[in-house]
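**Q**
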Amino acid sequence: MKLYNTLTKKVEEFIPYNEKKVTMYTCGPTVYHYAHIGNLRTYIAEDILEKTLNYLGYNVDRVMNITDVGHLSSDADTGEDKMVKGAKREHKTVLEIAAYYTDCFKHDCERLNIKWPDTVVPATTLIPDYIKFIEGLLDKGYAYLASGNVYFDTSKLDDYYKLTNHNAEELLSGVRDTVEEDTNKKNKNDFVLWFTKSKFEDQELKWDSPWGLGYPGWHIECSCISLKYLGEHLDIHCGGVDNIFPHHTNEIAQTESYIGHKWCNYWVHTEHLNDSTGKMSKSNGEFLTVDLLVNKGYNPLAYRLFCLQSHYKNQLVFTYDSLDIASNTYNKLLSKIKLVKKDDSVIDQESFDKYNDEFKSALADNLNTSNALTVLYDVLKSDLNNNTKLSLIESFDKVLSLDLLKEDKIDEDLVSYIEKMIEKRKIAKQNKDYELADSIRKELQEQGIILKDSREGTTYEVVK
Ligand code: AMP
Ligand code: ZN
10 MKLYNTLTKK VEEFIPYNEK KVTMYTCGPT VYHYAHIGNL RTYIAEDILE
60 KTLNYLGYNV DRVMNITDVG HLSSDADTGE DKMVKGAKRE HKTVLEIAAY
110 YTDCFKHDCE RLNIKWPDTV VPATTLIPDY IKFIEGLLDK GYAYLASGNV
160 YFDTSKLDDY YKLTNHNAEE LLSGVRDTVE EDTNKKNKND FVLWFTKSKF
210 EDQELKWDSP WGLGYPGWHI ECSCISLKYL GEHLDIHCGG VDNIFPHHTN
260 EIAQTESYIG HKWCNYWVHT EHLNDSTGKM SKSNGEFLTV DLLVNKGYNP
310 LAYRLFCLQS HYKNQLVFTY DSLDIASNTY NKLLSKIKLV KKDDSVIDQE
360 SFDKYNDEFK SALADNLNTS NALTVLYDVL KSDLNNNTKL SLIESFDKVL
410 SLDLLKEDKI DEDLVSYIEK MIEKRKIAKQ NKDYELADSI RKELQEQGII
460 LKDSREGTTY EVVK
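What the sequence shown shows, in our numbering, is residues 10 to 473, in sequence order.
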């Protein structure tokens, strides 16, 4: 298995610390709002990585955090707190917001066939661990107290920037342009480990600590959660490219200072999905969510296919035109597969192994999902017997997770109910009763039945 490692800036052979168990940590969502489909591109790539490792015979122990406290809207320990902002926006408590958006995220993952990691840990559940960790850093001289906050002292490290491609000055000027400086810091890139004094006195969640009532800085949760559940030798740490600096840079700084040795060997980062205006956003322009795609009549798995068609190390631009193309490709692929009927042919093991090896090689080559899809098409085009084809498709779908062999589960009662509702809506429209027509569409939508109008009439799709 070869992976691009941000730490060495090379594609490298993957060698885990322990051959029997790969440890994998993925930064989870900040649950102050819905995930956008850009965020979900990263989770799809991580899902592919985990499933590929399994497919290649590794046993994977995967952990993900849920950021339900202390993620600032600027990455430089200033700016507004995202969770507090979300709670204010919706007149709810921070924990209510966190519970609601965690469920929404889980639902998005289900619809995109992203496996929920084995261990998912909300940041607020490990406060005593953060305190112990910060005490350790203070004891070792890597942290200092200033005006009530505890800071990490980046000047204590020779290789603070080892994960980034940029030099220190570039990074600093980027940060300087966008945020106010915190005058308590000894060095520009020092970051807060524990806040007791913050500009945001409206913090809802605060805990007792040796430094007073306060709350943790953002980066600490991933270090402590990973150490607790995966130990001091981590194989793979994942996230989107925006996490490289400062989040992962700071994670490495504090974790390695605390444990006193190298922590994680492979850093895997997914490139961004952008919209046509550039950066994807939750506040400006169209907020692209899975719900929005479903409401527009798209199957979420067409979006998964759209992601798999490109390499996770390349930036990807989202447009509805390209999603339409992916959607068509997905439907055609399913129709082709439907033509392959189970029969009494005997599985040709030699051919099975040949195609399966090609599929594995594509994925083992730094997760080349588009080449893996090509192998799937090669199988469909081949003259293999049906059962060998079906067996290969079933096997490939363990990684691709595109529901390639899923039977249409719509029973007859449901079909007749949907048809009746479509007819009722048609009559409502003829009578210009658009309110009723809309309410019928909505009622069906709530049950996962999406109507699509065209010149030929109304069709529907049942999504999860
Ligand atoms: P957040 O909820 O902001 O902490 O982000 C969740 C994950 O999405 C992180 O791994 C980010 O690096 C990643 N991410 C953020 N924006 C994008 C984007 N436009 N495309 C791909 N991944 C993203
Ligand atoms: Zn993280």
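Beta carbons: idealized from backbone N, C-alpha and C, even for Gly. Every value quoted in this text rests on a predicted model; they were computed, and no experiment measured them.
1) Would you list, in sequence order, the uninterrupted alpha helix (DSSP H) runs of no fewer than 4 residues that lie entirely inside the stretch 248 to 282?
2) Using beta-carbon positions only, say whether residue 368 and residue 400 come within less than 8 Å of one another.
3) Skipping 5 residues on each side, what residues in its chain have a beta carbon closer than 6 Å to that of residue 31?
4) Excluding the five sequence neighbours on either side, which residues of its own chain have a C-beta within less than 7 Å of the C-beta of residue 214, listed in chain order?
5) Could you tell me whether the stretch 418 to 431 touches the stretch 338 to 356, where touching means 3 or more Cβ pairs closer than 8 Å?
6) Taking a cut-off of 5 Å, which residues have a beta-carbon closer than that to any heavy atom of the ligand AMP, in chain order?
7) At a cut of 8 Å, does the stretch 289 to 304 reach the stretch 265 to 278 through at least three beta carbon pairs?
8) Take the Cβ of residue 386 as the centre, count every other Cβ of all protein chains shown within 10 Å, and call the residue buried at 16 or more, exposed below.
9) What separation, rounded to the nearest whole angstrom, lies between the Cα atoms of residue 435 and residue 288?
10) Taking only three categories from DSSP, how would you classify residue 338?
11) With residue 158 and residue 201 assumed to form a contact (beta carbons below 8 Å), what rounded beta-carbon distance in angstroms separates them?
12) Put residue 289 into one of helix, strand or coil per three-state DSSP.
13) At what residue ranges does the stretch 313 to 395 contain a whole run of the beta strand (DSSP E), taking only runs of 3 or more?
14) Would you identify the three-state DSSP class for residue 122, choosing helix, strand or coil?
15) List the endpoints of the continuous alpha helix (DSSP H) containing residue 468.
16) Ignore the nearest five residues each way along the sequence and tell me which others in residue 470's own chain have a CB closer than 6 Å to its CB.
17) What's the gap between the Cα of residue 94 and the Cα of residue 115?
18) Of the choices 143, 269 and 275, whose alpha-carbon is the least far from that of residue 220?
19) Going by beta carbon distance, what residues of the same chain come within less than 7 Å of residue 393, once the five residues before and after it are set aside?
20) Under the rule that 16 or more other beta-carbon atoms within 10 Å means buried, what is residue 340, buried or exposed?
21) Beta-carbon within less than 8 Å of residue 193's beta-carbon, same chain only, minus the 5 sequence neighbours each way: which residues are those?
22) Taking one C-beta from the stretch 307 to 322 and one from the stretch 43 to 54 each time, how about it: are there three or more such pairs within less than 8 Å?
23) Report the option in 203, 123 and 307 whose CA atom is closest to the CA atom of residue 153.
**A** Taking the coordinates as given:
1) 258 to 268
2) no
3) 25, 62, 67, 69 and 244
4) Excluding residues within five positions, the ones whose Cβ falls inside 7 Å are 78, 103, 133 and 224.
5) no
6) 36, 38, 39, 47, 48, 50, 51, 248, 249, 251, 252, 281, 282 and 289
7) no
8) exposed
9) About 40 Å.
10) helix
11) Contact holds; Cβ gap of about 5 Å.
12) Of the three classes helix, strand and coil, the one that applies to residue 289 here is coil, per DSSP.
13) 325 to 327
14) coil
15) First-last for residue 468: 466 to 471, but that is the beta strand (DSSP E), not the alpha helix (DSSP H).
16) 459
17) 22 Å
18) 143
19) 357 and 360
20) exposed
21) 155, 156, 158 and 160
22) yes
23) 203
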